[in-house]
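Visitor: Protein chains in written order, with my numbering: chain A, 46 to 545; chain B, 47 to 354; chain C, 21 to 344; chain D, 12 to 372. No residue lacks a Cβ here, since even glycine has one placed at the ideal position from N, Cα and C. No experiment lies behind these values; they were computed from the predicted model shown.
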Ligand SMILES: Nc1ncnc2c1ncn2[C@@H]1O[C@H](COP(=O)(O)OP(=O)(O)OP(=O)(O)O)[C@@H](O)[C@H]1O
Ligand SMILES: Nc1ncnc2c1ncn2[C@@H]1O[C@H](COP(=O)(O)OP(=O)(O)OP(=O)(O)O)[C@@H](O)[C@H]1O
Ligand SMILES: [Mg+2]
Ligand SMILES: [Mg+2]
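#1: In the structure shown, what three-state DSSP assignment does residue 76(D) receive?
#2: Can you check DSSP and say which residues form a bridge with residue 68(A)?
#3: Compare the C-alpha of residue 248(C) against each of 267(C), 148(C), 237(C), 190(C) and name the closest.
#4: Check whether the Cβ atoms of residue 95(C) and residue 141(C) lie closer than 8 angstroms to each other.
#5: Given a threshold of 16 other Cβ atoms within 10 Å of its Cβ, counted over all protein chains shown, does residue 232(B) qualify as buried or as exposed?
#6: Tell me residue 75(A)'s beta-bridge partners as DSSP assigns them.
#7: Work out the CA separation of residue 141(B) and residue 229(A) for me, nearest whole Å.
#8: According to DSSP, is residue 25(D) part of a helix, a strand, or is it coil?
#9: Quick one: is residue 186(B) near chain A, going by C-beta distance under 8 angstroms?
#10: Counting contacts by CB-CB distance shorter than 8 angstroms, is residue 136(C) in contact with chain B?
#11: Against chain C, with Cβ distances strictly below 8 angstroms, would residue 246(B) count as a contact?
#12: Enumerate in chain order the residues of its own chain whose CB-to-CB distance from residue 204(B) is below 6 angstroms, with the five nearest sequence positions on each side excluded.
#13: Locate the alpha helix (DSSP H) running through residue 149(C), then write down its first and last residues.
#14: Flag residue 237(B) as yes if its beta-carbon sits less than 8 angstroms from any beta-carbon of chain A, otherwise no.
#15: Please list, in chain order, the chain C residues whose beta carbon lies closer than 7 angstroms to that of residue 342(B).
#16: Going along chain A, which residues have a C-beta under 7 angstroms from residue 217(B)?
#17: Closest to residue 525(A) by CA distance: which of 174(A), 323(A), 134(A), 271(A) is it?
#18: Please tell me whether residue 230(C) and residue 127(C) are closer than 8 angstroms, where the distance is taken between their beta carbons.
#19: Look at the Cβ atom of residue 105(A), then the Cβ atom of residue 158(A), and state whether they are nearer than 8 angstroms.
#20: Quick check: residue 251(B) and residue 82(B), are their CB atoms within less than 8 angstroms of each other?
#21: Starting from residue 126(C), trace the beta strand (DSSP E) both ways and give me its first and last residue.
#22: Residue 234(D) by DSSP, collapsed to three states: which one?
#23: Can you tell me which residues form a DSSP beta bridge with residue 145(D)?
#24: Taking any Cβ of chain B, which residues in the region 45-79 of chain C have a Cβ under 9 angstroms from it, in chain order?
#25: Where does residue 102(A) fall in DSSP's three states?
#26: Any heavy atom of ligand 5 closer than 7 angstroms to the Cβ of residue 531(A)?
#27: Output, in sequence order along the chain, the residues in the region 275-295 of chain B whose CB is closer than 9 angstroms to any CB in chain A.
#28: Taking CB distances under 8 angstroms as the criterion, tell me whether residue 395(A) reaches chain C.
#29: Give me whichever residues DSSP pairs with residue 312(A) in a beta bridge.
#30: Quick one: what does DSSP say residue 261(A) is sitting in, helix, strand or coil?
#31: Between which two residues does the beta strand (DSSP E) harbouring residue 470(A) extend?
#32: With distance defined between alpha-carbon atoms, name the residue in 163(D), 343(D), 249(D) nearest to residue 311(D).
#33: DSSP puts residue 317(A) in a beta bridge; with which residues?
#34: If you draw a straight line from the C-alpha of residue 459(A) to the C-alpha of residue 134(C), how long is it?
#35: Between which two residues does the beta strand (DSSP E) harbouring residue 215(A) extend?
#36: Determine which residues of the region 295-322 of chain B have a Cβ less than 9 angstroms from any Cβ of chain D, and write them out in chain order.
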């Protein structure tokens, strides 16, 4: 038994201020095993693994790797011990080359007689990239020149190049396209085959079940159970996570109910060099229009373009008859468009401001009477708005960075609802959000729909698209490559066929 | 291509400036000898510019460099009377290193941005300079050391510094770590980079450079006098500007070269204006404009880019 | 319900405590001389100019930007007032403020529209204005008409100061402008995505800084009786120190408090006044000043690099961002 | 506006200060660096010590505003008199007002009033004792003349910041003497930092080969000019300038410095005495303001310099304790302002040498 265990965690504890993030977790991870780790938002998965990877120090508890006592001081140290992790948030160093990013913390590796051997570094970096069949990345060029996904892949290389005994992957798949995921899965299996272990964190239970040998479930910082993936169903997992049975799926149940024929938004020949070409479509009142595709298909740019933040777009966007300037956020907002961006950390919310400010920010013109803006009024307004989506918080003066991803997303939606927007553009609205919060967001969409709001949902999760939208448009390198109307027997395969 | 073009901007600016002034003042401006004098002068100020390089890379600012240069020079000058050349160099360098160390420790240990701390420190260093000065108002360096401030040596010294900085930047972990910290301190820390050590080292280097510049400058001017009321900070701005130019071109040419070109450009500009009989007040105006132009040319931000 | 821990409360009021400690100390050492009504009024009077300027810069720093040109602005405005007032005083006052407005507007527009770092933009403005003022005041300082000297009275200055402070406070606390400033300082990208007209707000903030600096120039004029080149030369750093020891997060943002410019400026005046009262040797005076600044900075400053000094600001602007 | 006098410190209660409380005189000093400043401070400290007066130094003078601020702080510190070297005349109006309100006597040094509006304002101010000033114009004129005699035809002129009264008057002196004698100012540079001489001079030499003489509004640039000359291999070239500096000895000895003006540190000293006596009720305020003119020394050769060093700034200062006391009402009941005026008018190298024959060894 003993030699079977790769990593052993003994009674780990971690608290942040008032929150018990990880509360006495003991865990064994065997050699050559792929271990899934699931749990609701804030259940402690990231925190637990961050401690294993040396990003956080446990308050108490001990760890061993292959029986050897193990207490990592920092990430590089953990790497030396054979543990590496890909974290939830983007974790690359801007303004430095790809190669430097891959080897940061391991420079001494390339010091031969006192000199830093750049050539060797570039060569080796290149090798790793090729080894993982990641193309289109120049190791010498600046990391800023690459997209979020490419940067994640580079982090992947950084984590993999040390041939770790334990590889931890925290909610990474959400930012990866199908192709990127394929690479990730390949890496995971390779690691397994070479007798090493993998911990895989994701909210996509299906993915977890397909990929992993066994699954550990966490709730409120405590370990609920570790079960074999075989013969496990998603619903079983969900009920383990939530602690009670969940019946049915959380998607809309209604089918074939016809939406109004009144066009609220008409897009004609939207062009955006290298991202979109000649995209035309219309959005009807009370319709949920889904956009699907690979992450590079341009669907995210489409969202930005509609909101006026995409650069050098051309084409016309007509709102209830009148054409609007597609280069002005102001005008987009004035004409009732609300946009929920994919990048929650920087674009959606002001993390180091309180909930109050984040909600009121869009509603100043309503709140300010003449030259007077009443703080009390502001507070009450924010309070009642926050209550609408019952955001989990102490009070509206809590800072947003202290909120869980799910609650952050609620705040983002609130700020547009508060403004009374009637056209919503939601980019990856449920990314990295747990099942419960997901369900409530879907219900919310339906309510909004019924209130006559028109909603555009951009998502990489096809089931979600099928589940919520009345109509689905698939984008493929900048063009609309397929249209599907809501129906029971619409399958992922149908969509995928248009995507690639 | 674009990369090259951007790089040429700096050289182009130099050439154009030269040509314009040459046309305006054919007889007075731009003789070989005067250009050589100019080179000597900017070789001195560039030492400090190199000192600030790593700091700017980390996004740190050190306003004490001017005061540091003066204090170190004073100490060196006093010691040179007793111990000769070793006294001058070692005394000054050790002083500079100590001050740099203090700045480094302060900025890495104290919860406050470097620029603001350093402003506080300037006041202290300046008054220390007065104390060391010991009543007198100006010190004069023995003429035997004047060589240090002139053609072969001053240039040799600053080229040496340039080489060292280049080496550190390109061929040591330190260079990478500085860059990493400048890019994101938390990530750098999580990668096991020793933030404090790196910071302190960077400040140490800048301190030493400042001291060296002080010495060379002293040997060039032969006299040194203490500064008061933050007046020493004015000496920081020119090297700072040169270094910023260097960083601005980082992506297009070797920063070490760019810094040198940058400081020579500034010197050329002022010299040109001087020979056109413009007072230094007027020269300020031009330097201001030049600064603006340089940043504008080197930057091409996009809509919604965040620039503070 | 906020769970304010004791250290937190202490920190939030640290600067006030520091101020009180300082005042008490001087009061004891000077046997009460330093807290006579007259001296207190004196200190207030001396801090007016700095307070005006730092109130203006306060908005700019809340944005996360910086304005180094205020000193030179002060000098130039002072010159304009001295010159024009000899012709017509009201006109002089108006033009003074207009000067400040133009300078602020210039800074704002160049920074916001051309997207150049405020730190460098205002530095260049500083150089330009300095040169200009030296040119203009060459040969001799320009006297201010004596009618204006009458204004150098508490009866005029204090009400004016309070009016300005009130307006500024109102702007900051009770209008969307104030909250927009804080939001931009806290997260500019998200602010843009929430429909805040960032450029407009920035320009407005710089204009306020400019106008208040020129108002300070006016005050300086009636106080010193003439416009001279070196007026306000020590402003930029004093403002920085005042704001930071006043407790303004050096990156600005949502945590900015309006008390910063007020308390910071007063504290600086108390310090220089007290050091003279206890008759320290001039050399020692500077030393002590420096040390006390450092200590206060250590207590007050937040660990957070001022955004206007961020790497992106100082050079590495060149590369294009392909990703979005 | 507030007219209460300075509250005396508690434990002395209300006893009039004239009795025991030592007199306090505020000294707005021009700095701690620069030969002139240092000698001035030294002399003032000395006279304070001789007369048992507490000298209160103001803070640093960075800008015009700081002059006023420091004056205010000195008054708040409870001084009985102030001596001030103002940056701009206009600032005296404010200071005068302050002093009158608080019954503090004040006098200028190194400065007088020329702006008639300002004079009008200060007329009949019962506390404006007077001023000591030297003719900056004359000294510049004299020095310029030395250059003329030395045969310079194209001179370069270096100065510190524009707008400074002293700098501008000296400039006029140079300009006139050169105009009258057909000497051309081929290049003039202002706003030069104290140690910026070498750089500017080098550039000027490169650009204006015809330069054959240097007129310095502040002689602190002299060492720099010398360096520039040596570097450019131009050999010696006559340099004249105002204000003594520490290391002028070498430059005099080696014959680079043709002539130098300065040594007027006594200026503050006389103003100090005036204020001291005024406080002790020596003068009838009807005669205020009273003028004291003193001389700027001009050293023309190395020997002059050695004498200056020996007699002027040696262990014995230009005035001994006895001589000082003789100029005060407290020790010499027959004292009148004339004593001070006479002393100031007379002061020169020779004067000191004769007076201190035997005292200095
Ligand atoms: N800096 C902080 N200070 C205080 N509490 C925090 C802080 N960061 C997070 N929390 C707490 O963590 C909880 C969830 O935060 P966390 O970062 O774990 O999000 P998450 O669980 O990853 O959710 P998601 O998966 O949607 O991102 C929040 O309810 C909040 O109370
Ligand atoms: N930086 C932080 N400061 C304070 N508390 C935190 C912080 N990060 C996490 N927490 C707390 O730790 C708990 C677990 O957070 P963690 O991110 O591990 O949840 P998670 O399981 O990773 O959620 P998700 O699946 O959304 O990533 C959160 O509920 C939160 O209360
Ligand atoms: Mg997580
Ligand atoms: Mg999370």
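Guide: Per the coordinate set shown:
#1: helix
#2: 58(A)
#3: 237(C)
#4: no
#5: exposed
#6: 50(A)
#7: 55 angstroms
#8: Per-residue confidence for residue 25(D) stands at a pLDDT of 40, beneath the threshold of 50, marking its modelled position as unreliable; the derived number appears in the next sentence. Of the three classes helix, strand and coil, the one that applies to residue 25(D) here is coil, per DSSP.
#9: no
#10: yes
#11: no
#12: 89, 92, 93
#13: 138-156
#14: yes
#15: 134, 136
#16: 160, 161
#17: 323(A)
#18: yes
#19: no
#20: no
#21: First-last for residue 126(C): 109-133, but that is the alpha helix (DSSP H), not the beta strand (DSSP E).
#22: helix
#23: 305(D)
#24: none
#25: coil
#26: Ligand 5 is absent from the structure shown, which contains only ligand 1, ligand 2, ligand 3 and ligand 4.
#27: none
#28: yes
#29: 326(A), 362(A)
#30: strand
#31: 468-472
#32: 249(D)
#33: 321(A)
#34: 34 angstroms
#35: 211-215
#36: 316, 317, 320, 321
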